[in-house]
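Below is one structure, written out as structure tokens, with a few remarks after it.
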Amino acid sequence: MLEPLEIHKSKLIPEVILDKQKNIFKISGKSITVNTAEFYSQIILWFEKYLTNPNKCTKLELQLEYLNSSSSIQINRLMSLLEKNEDAEKEIKIIWLYENDDELIYEIGKELQNSTKLDFKLQEIELSN
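My numbering numbers the first residue of the sequence shown as 896 and each following residue consecutively.
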């Protein structure tokens, strides 16, 4: 059985909740760690294991307040992995959440959406206070 991956967020890393049994797949917060490849490698590895026997529907929610360019590269790696492993019987959806006045995060999401064949939705959320 695949154990959930949970990482608590800090000032430099996002919160990560990957739980096959609960069907929860979320990455949220700031992603500006110096060791980006090392940080995301554990997420990529988890998804590689998960994709050997995925749920019927996988909905990955990404709500990043800020990410550096190396984090963007790692998110692209994750999208490529998911895209490569999608099949007709196992649905993969990406939800890119962005605050209604955050043009930078919206644009990053739009670029990712344009670079993948996955079901990728941009979803505006209200500003948090």
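Built from N, CA and C at the ideal position, the CB exists for glycine as well. All of these numbers come straight from a predicted model, not from anything done at the bench.
CB of residue i within 7 Å of CB of residue j, strictly
i: LEU897; j: LYS944; result: yes
i: ASN980; j: ILE927; result: no
i: ILE919; j: ILE912; result: yes
i: THR953; j: ILE987; result: yes
i: PRO949; j: LYS925; result: no
i: GLU910; j: SER923; result: yes
Residue i, buried or exposed, once every other Cβ within 10 Å from all chains shown has been counted against 16
i: LYS906; result: exposed
i: THR947; result: exposed
i: GLU999; result: Correcting the residue type first, residue 999 is Leu in the shown sequence and not Glu. Exposed.
i: ILE938; result: buried
i: GLU969; result: Before going on, a small fix: residue 969 reads as Gln here, not Glu. The residue in question, GLN969, is buried, as its Cβ has 16 or more Cβ neighbours within 10 Å.
i: ILE1020; result: exposed
i: LYS966; result: The residue you asked about is not Lys; residue 966 is Ser in the sequence shown. Looking at its Cβ environment, which holds 16 or more other Cβ atoms inside 10 Å, SER966 is buried.
i: LYS921; result: buried
Distance between beta carbons of residue j and residue i, contact taken as under 8 Å
i: PHE942; j: LEU977; result: 7 Å
i: ASN971; j: LEU940; result: So it is not a contact: roughly 17 Å between Cβ atoms.
i: ILE989; j: LEU959; result: Contact flag wrong, Cβ pair sits at about 12 Å.
i: MET853; j: LEU1013; result: The chain is shown from 896 up to 1024; residue 853 falls before or after that span and cannot be answered.
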